[in-house]
Amino acid sequence: MTTIPATPMLNPAPVEVSVETPAQRLVRKFVANRLALGGLIVFVLIALAAILAPLIAPQNPYDLAVLDIMDGSLAPGELSGDGKPFLLGSDEQGRDMLSAILYGLRISIGVGVGSTVIALTIGLAMGLFAAYSGGWRDALVMRLVDLQLGFPPILIALILLAILGRGVDKVMIALVALQWAYYARTVRGNALVERRKEYIEAARCLGLPYSRIVFGHLMPNCLPPLIVVATMQVAHAIALEATLSFLGVGVPVTEPSLGMLIANGFDFMMSGRYWVSFFPGVTLLITVVSINLVGDHLRDILNPRLQK
Amino acid sequence: MGYVINRLLQGLMVIAVMAVLVFIGVYAIGNPVDMLISPEADQAEIQATIVRMGLDKPLWEQFLAFINGALHGDLGTSFLYNEPAVRLILERFPATLELALAAILMAILVGIPLGVIAGLKPNGIVGRAIMTISILGFSLPTFWVGMMLIMIFAVNIGWLPSTGRGETASLFGVQWSFLTGDGLAHLILPAINLALFKTSLVIRLARAGTREVISQDYIKFARAKGLSEPRVILVHMMKNMMIPVVTVLGLEFGSVVAFAVVTETVFSWPGIGKLLISSIVHLDRPVIVAYLMLTVMLFVTINFLVDLIYALLDPRVRRKESA
Amino acid sequence: MSDVRGGAAQPTLVVEGLKTHFFTEAGVVKSVDGVDLSVSRGEILGLVGESGSGKSVTGFSILGLIDQPGRIVGGSVKLNGEELTTASPKRLRSLRGDRIAMIFQDPMMTLNPVLKIETQMIETLQAHIKIGHAEARARARDALGRVGIPSPEERLDSYPHQFSGGMRQRVAIAIALLHGPDLIIADEPTTALDVTIQAQILSEVQTLCRETGTALIWITHDLAIISGLADRVAVMYAGRIVETGAIAEVVSNPRHPYTYGLIGSVPSRNKRGQRLTQIPGMTPSFLSLPQGCAFAPRCPNADAKCLEMPELSPCPSAAHRARCFHPMPEGAEA
Amino acid sequence: AADLKIGLSAEPSALDPHYHNLVPNNAMSKHPFNALVEQDENQRLEPGLATSWKALDDTTWEFKLREGVKFHDGTPFTAKDVVFSLCRVPKVPNSPSAFTIYMKSVESLETPDDHTIIFKTATPYPLLPTDLSTIAVISANTGKFSGPLVFKKSGCEGVESYPSTEDFNSGKAMNGTGPFKFKEFVKGDRIVMVKNPNYWGDKAPWDTVTFKPILSDGPRVAALLAGDVDFIENPPSQDLPRLRKDKSVRVVDGLSNRVIYVALDSGPAPSPGIKGTDKNPLADPKVRKALSLAIDRKAIDQRIMNTQAEPAAQLISPGLFGYNPDLKVDGFDAKKAKALLAEAGYPNGFEITIGSPNDRYMNDEKVTQAIAQYWTRIGVKTSVDATTASVFFSRRGKKEFSAYLAGWGAGTGEASSPLKSLVACRKPEKGYGTTNYANYCNEQMDATLTEALATIDDAKREKLLQKAMAEAMGDTGMIPVHFEKTPWAMKKSLTYTPRVDQQTMAQEVKPAK
Amino acid sequence: MSEAMRKPETNGAPPVISVRGIDMVFLKKAPGVLDGLARRAGLPRPEPVGVHALDGVDLDVMKGEVVGLVGESGCGKSTLGRVIAGILDPTAGTFRFHGREMSEMSPQERYRAKVAVQMIFQDPFASLNPRKRVIDIIGEAPVVHGIVPKAEISDYVDEIMLKCGIDPAFKQRFPHQFSGGQRQRIGIARALAVKPQFLVCDESVAALDVSIQAQVINLFMDLRRDFDLTYLFISHDLGVVEHIADRVVIMYLGRVVETAPTAELYANPRHPYTQALLANMPRISTEKQAFGQIKGEIPSPLNPPSGCHFHPRCPFAFDRCVAERPRLITKAPGIAAACHLLEEAAR
Ligand SMILES: Nc1ncnc2c1ncn2[C@@H]1O[C@H](COP(=O)(O)OP(=O)(O)OP(=O)(O)O)[C@@H](O)[C@H]1O
Ligand SMILES: Nc1ncnc2c1ncn2[C@@H]1O[C@H](COP(=O)(O)OP(=O)(O)OP(=O)(O)O)[C@@H](O)[C@H]1O
Ligand SMILES: [Mg+2]
Ligand SMILES: [Mg+2]
């Protein structure tokens, strides 16, 4: 009479025999799609190349002392004055395009990932705050978001450029300013849905403190859709940085990103010196496509509606 | 009614805050006079110009003057063009509107069929191919694609003109390109350029919508009723699938109109995006402010229209009839 | 009713050895693995079983509406003697909605939210017969009236969301009845409804079947509903029929230990306030079905013999059959 | 009918010829309007609506007007139109850059007859004809009068209203004496003009001219190649080699009046962009000279400018009034530069930031980068701070740069223009050093310049200007880098004579023989 | 097995839970074109429409008692359950815990009272945080509340899991790795871990298969005995309630229409609605049942009928029912119904 008499529930294994964590399950499902896996591998390789740029690049394209405009505008494979080969050609400053691309990747990916992570953090905090507090605080945050989304990106970038000056960090700030609202809105939408779920009610019923509910229960469950958005957004941020550079408000010329290189090469489009924008363009394309492939598939995996 | 006023005030606050930010922002970027005046002008002339433009007053005074004007329906006069900012914008608006409409139309005509196909066979080769290609639409920088289009279709093949709006014809007192053959030819490339991103978006929305709707009971029920497959897809599925697509596209339309900057720059399309860029370059504050205010109003209007269409498509949203 | 039961005419529907499998990434899900069923004119067959036992898939298989990655891999489905598993898609389409109709579980989801009731009814008519709009509308109106919807003429112009759940389910029934089908498959059509509304629908369906002679397969997990409604019952477990017979027979004299346990676990069968008789364990996953009798791990009577699959055999008569080596003794009151 | 379509690299902000003193506006206004005095392709003065002019004394000028000239609406041109035009200049509302700077010297004027005007200046002012060449003559018919028209420096009498800027944009007031008549202005898209069959001078070879602003470089070239336009201005230099090779395209170029220079902060320490020393090395003329010697101007011309530049030794291009042929371009000599640096006390160099616009001058940012390369090589570690013009000019105005690259076009076509604005000591009230943001001051040069500006005699004045230029360049008050060569590209069937003032004029576009 | 049937203690102690005059109004925005516009534009919204989910509900639950709460969908059962569990704050009404008004308590006491009332939810999928391991789901609250020191939590969770019939070996797993019945047990374990006195079970077995349902019902009965729990057992399944409850409360559109001890209610329903429910309750039997004596649809809670909410469907309705809301009339101790017929009969 003291404990439960028959405990037949103890023996049978759970429905799914797996003992994997949600993360493991994610990995398994992800790996199942070859295209997405390919995308991931490509991206990892690209990221590695970017990280190792100082080691593998033939030249430090940011060091003006090693550039020589007499080596300018060489076609791919041509030799420089002192016999060094320029595999992908050089721009008019005598900058080796291969090195510039590797270093440009560093900046592009750094800016893309960096700004996305920061914007995500800010957006997450704002969105959760808005969704969970509701009322006028919610309204205030959402109006801020409206305001942000109504501003043309170039104007924001230009204002920040004027106030802060030019630099990679400034571009990051501009990109964060451009993106956070988007996350805030997504998080808020998710949080409003999650907030109504019974497990949140259960947590409240258990008398758990407010902060625990918001950060321990609500936040982790708002994250997955956000991660998908973020993956895509990294790609978007890279492209956006390219557009800002095109419009003349991007990174400094002496530290070119991929976008800057393309924008520079844009001037050479008609001149027959295709390599100045072609190779950076292809690199950007591959990077962005690989990230999007990953994100796309993540979205499919994480979308509960499509899960059988 | 309290609600009405409250929300109205909130909306006005947004606009006001935006105006303040633009004032401060433009002030921070630089002095418009530096950009406008001839470099040979002497100090007296510069000073006279500053006074003429009212830039000698403290910023807050300029702002109050602006607000005062705005309350009387005057959003200021362009520093650069010496014309009412609103008129400048409205003059250019039809061009952008036309471009955006053409782009959205293209996105729909191409995107929906592809998206539906991809959604019906999500794991087939065709479906995957469509999705992979649609990633390109997201990935390529607009300016790069625009230039490529010009290179290929205007320069190399020479089928289409590369720049400008071409001949226009008047309808409702407004000049439109699509009414003339020449204008239409001018419209095609920029519209494709602008449509690229949206097409990818539509493909994705249509695919997601298709996948979601196709697994619904009412589709199965429609099949169980013995309906033909075309009817199931075209009537039962499409109508439901279109609801989110139309909503998102409607909202996107706003951003297409408001921010067609890059395409208009590349194709020298005389729309408001180009005006915005040149206003920003010249620090033409009245135009920037008016532009943003009109953009906000445009967004509101578009949202209203979207809701109307939404209601048209989704009877559940219509006002409750007495049941 | 006895007139129907006694009729020597061939049954409306005969399902033999039906197998429907889903070929998923994780493995083959044998949702329906050798199901035999038959219903005659005017007869109501109850199909009971726990969630996931394959009831719905059986229903959809009969209509030929199995989605990817599923496929009918064996067996036959004969409607009035006509084989359906090998019929062309075109033929199947012409039968669906005309000779066989189906009603779904969730009334909120079965009607297309963006189409008027009228459209959804008329398209069903026009899919099978040449009929003008006005005439079709008149028939739709009559059908709505028959299922007890007040002022049907005005209701035709409504959208589904303007109806309550019960009314929507009635519209679905009216659509199913439009062509006077030979067979209706009702897949848990009242589970989402309240007790009083459920009762209304049950009573309407009962009357309609009796009047039109339509055969009805009523899928549910609630034995109680079946016991008050059906003529015969088939109990499903893990993709197979484990017991079938006249409803009164099965309820009063369950032979398969699963049926026995199922009836026994219904609260009203137990003494108030006492522990319920419970079937230990839980429904197995299709991906890891035990060898032989799928119920064996939960079965009090199981022994080594149960590692083989028993046949659905007369127990005690041809009309009452069970798939068990060790059936419960006759008269073992649950 | 002969039609011409021109792709412009900048759009005029208005058609009002008195509204905005800016190259695109000024170029455009020369199509429908004339001035009393015109400038030829080398900016030398030639008769316009005035057939002749002469200084009667140090402060009195007489202009004889051309007879038989008719406005587009058929009314004859008289002195009243000139007075009316001059009266309007200060009266253009909201002008962002007024033409009044060209009228400051005029104290009063008289019109003894319909075709004579006598100007009086307060002090001797030799540049009066030059200044008047910038002011377009509009028809007095476009105004309303309340009495006889009387010119007053403080404000004319007898005028009730002047045409507004909008009247010009809409075409209502577009009544000039120029070779083209206004037809249509669609902002942002096109300006259309048709031939004036009654033009007093050489008639234009085109019946209709359409100007299309295509601000982006690549698309502008593409438009020419695609045949959307027949003629473009300012094709980007990097496209020129290819365009030159193209059989169907003709490229012409000519030296412009614009010099690209690097200004160096020669004021007291500290200077904002200098690191590595607490003095201001740039205050030392030796350092400035070293920095000039370190630049390989020829390489920049070859590699960056695609030969669209002419290395410069002074602030005004050859052929312009006041050009000093004795000044020689600093040859590239890194060794000497290093030696000079060491001599000045900076054997290990220092660090400096150079500012530059990135969308204002031909390849501005790239030239700056190249200069930074050269400086870095002699040990002056240089970083580039390039921003859009709007930001750059504001920051320059706040003196945030120790060194910056910028350009100067001599609008008047003679040497006093850059000398007065760029290198003269900053005395804004006198109009001296208005664009001198580098704290350079050379009293000697100022004195010479002031003298030149009061000398009516052209030959004497030119000598003085040459001397002033030599004085400014003597201690490297500024590093001239190069003069831009302005290119135009057109269909093979056309020709164009390059203009120093960089203006594109449809009447000068001729069918090739 | 007589303890299982033992009568609730009525030795003068106040009820564990006592609510009076609970009103709950949800402001529901009517969806419409204007609303959408307003929302997007950040502009005005139409006047809100209220759903009167609870309308003056009184309820006492004595210590050790199992009260069944029955009613059709949308009648406010869950809302009442949530109010009692402290998840929702009612629009009006008082709440007493062991006879003491919440507002009289110190924050500490109020907090303890809140934790003492726990809820078991209907949906075994939505009610567990998918991103937490079982051990955290069950163990978090006891640690936070200091019921168990952090170091001992593992053993404590083992113990609770065992009590609820889940193998403690599974405690590192995530909810998705369990079946519906197991999840429901985890939900129960989570509530038990904070040592509650009162459990609100909101349709806690509705989502389960019949055979699993029996297991969970048995678990509830065992726990009641072992932990001396009091239950508010919400269900629309009359059979389940009949089996488990000591007393039954019937609700209709936000109001209590009848309450009586279980046996009494099932034998002798007084309110026409209760009668209809019982008549239509499918019972397992060998006889054909005659269904559907009661006509009409359940009215929308957005605009409920006047007077007695049940009058449009009531076979006995008369004019007073349309006009006047019937009071809950006590017929005998513990037996009450809200019907004008009863009052008329009493006259
Ligand atoms: N499209 C599918 N893909 C894979 N497996 C499927 C698919 N559809 C159904 N199944 C599997 O078939 C089995 C039987 O499902 P079915 O829907 O017939 O059960 P059911 O008896 O109707 O249950 P319920 O009472 O819950 O409706 C389930 O285990 C399910 O997982
Ligand atoms: N958060 C909410 N916001 C608005 N309305 C609500 C909310 N929760 C409940 N309601 C409304 O209150 C009424 C009562 O809901 P409740 O969930 O209590 O009913 P229920 O009796 O539990 O029904 P069910 O048996 O379907 O669970 C319903 O009309 C419902 O629509
Ligand atoms: Mg089913
Ligand atoms: Mg509920």
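Residue numbers (my numbering), protein chains in the order written: chain A, 12 to 319; chain B, 123 to 445; chain C, 19 to 352; chain D, 10 to 522; chain E, 170 to 516.
Every residue gets a Cβ at the ideal spot worked out from N, C-alpha and C, and that includes glycine.
(request) Flag this pair as yes or no: are the beta carbons of Leu-58(D) and Ala-44(D) separated by less than 9 Å? (result) yes
(message) Quick check on the DSSP output: the beta strand (DSSP E) that includes Asn-266(D) runs from which residue to which?
(response) 258 to 273
(message) Starting from Lys-148(C), trace the beta strand (DSSP E) in both directions and tell me its first and last residue.
(response) No beta strand (DSSP E) contains Lys-148(C), which DSSP labels as neither H nor E.
(request) Select from Gly-328(D), Ala-318(D), Gln-323(D), Phe-341(D) the residue whose C-alpha is nearest the C-alpha of Leu-300(D). (result) Phe-341(D)
(message) According to DSSP, Pro-332(C) sits in a beta bridge with which residue or residues?
(response) Arg-339(C)
(message) So, for Pro-474(E): in the same chain, excluding its five sequence neighbours on each side, which residues have a beta-carbon less than 7 Å away from its beta-carbon?
(response) Pro-468, His-480, Pro-481
(request) Rounded to whole angstroms, what's the CA-CA distance from Pro-470(E) to Gln-224(C)? Just pull it up for me. (result) 30 Å
(message) Is Met-108(A) close to chain D? Criterion is C-beta to C-beta, closer than 9 Å.
(response) no
(message) Determine, for Asp-205(C), whether the minimum Cβ-Cβ distance to residues of chain E falls below 9 Å.
(response) no
(request) Note down, in chain order, each residue of its chain lying with its Cβ closer than 7 Å to the Cβ of Gly-310(C), except the 5 sequence neighbours on either side. (result) Cys-324, Leu-325, Glu-326, Met-327
(message) Within 10 Å of its beta-carbon, does Ala-278(D) have 16 or more other beta-carbons around it, so buried, or fewer, so exposed?
(response) exposed
(message) Let me check one thing: in DSSP terms, what residues is Gln-338(B) bridge-paired to?
(response) Looking at the DSSP assignment, Gln-338(B) forms no beta bridge with any residue, so it has no partner.
(request) Could you please give the first and the last residue of the uninterrupted beta strand (DSSP E) stretch that includes Val-490(D)? (result) 488 to 500
(request) Taking all protein chains shown into account, decide if Tyr-505(D) is buried (16 or more other Cβ within 10 angstroms of its Cβ) or exposed. (result) buried
(request) At 3 residues or longer, and completely inside the region 293 to 342 of chain B: list those beta strand (DSSP E) runs for me, N to C. (result) 296 to 298
(message) Cutting at 8 Å between CB atoms, please list the residues of its own chain near Pro-5(D), excluding the five before and the five after it.
(response) Residue 5(D) falls outside the range modelled here, since chain D spans only 10 to 522, and no answer is possible.
(message) Just to check my reading of the structure: Ile-118(C) and Ile-203(C) have Cβ atoms closer than 8 Å, yes? What is that Cβ distance to the nearest angstrom?
(response) 7 Å
(request) Locate the beta strand (DSSP E) running through Ala-210(C), then write down its first and last residues. (result) Where Ala-210(C) is concerned, there is no enclosing beta strand (DSSP E), given that its DSSP letter is neither H nor E.
(request) Mind checking which residues open and close the alpha helix (DSSP H) that includes Cys-370(E)? (result) Segment 367 to 371 is the beta strand (DSSP E) holding Cys-370(E); no alpha helix (DSSP H) there.
(message) Can you confirm whether the region 447 to 455 of chain D touches the region 143 to 163 of chain D when touching is taken to mean that 3 or more C-beta pairs between the two stretches lie within less than 8 Å?
(response) no
(message) Cβ closer than 8 Å: which chain A residues qualify as neighbours of Ala-256(E)?
(response) Looking at the sequence shown, residue 256(E) is not Ala but Ile. Correct list: Glu-212, Arg-215, Cys-216.
(request) Check whether the Cβ of Lys-134(C) lies closer than 9 Å to any Cβ atom in chain B. (result) yes
(request) With a threshold of 16 other CB atoms inside 10 Å of the CB of Leu-90(A), please say whether the residue is buried or exposed. (result) exposed
(request) Would you mind sorting Pro-502(E) into buried or exposed? The rule is 16 or more other CB atoms within 10 Å of its CB. (result) exposed
(message) Measuring only the C-alpha atoms, how far is Ala-505(E) from Ala-358(E)?
(response) 35 Å
(request) Flag Ser-350(B) as yes if its beta-carbon sits less than 9 Å from any beta-carbon of chain C, otherwise no. (result) yes
(request) Inspect the CB distances between the region 157 to 170 of chain C and the region 180 to 197 of chain C and report whether three or more fall short of 8 Å. (result) yes
(request) Return yes when the Cβ of Gln-382(E) is within less than 9 Å of the Cβ of Ser-283(C), no when it is not. (result) yes
(request) Can you give me the start and stop residues for the beta strand (DSSP E) that His-39(C) sits inside? (result) 31 to 42
(request) Whole angstroms is fine: what's the gap from Asp-229(E)'s alpha carbon to Gly-82(C)'s? (result) 55 Å
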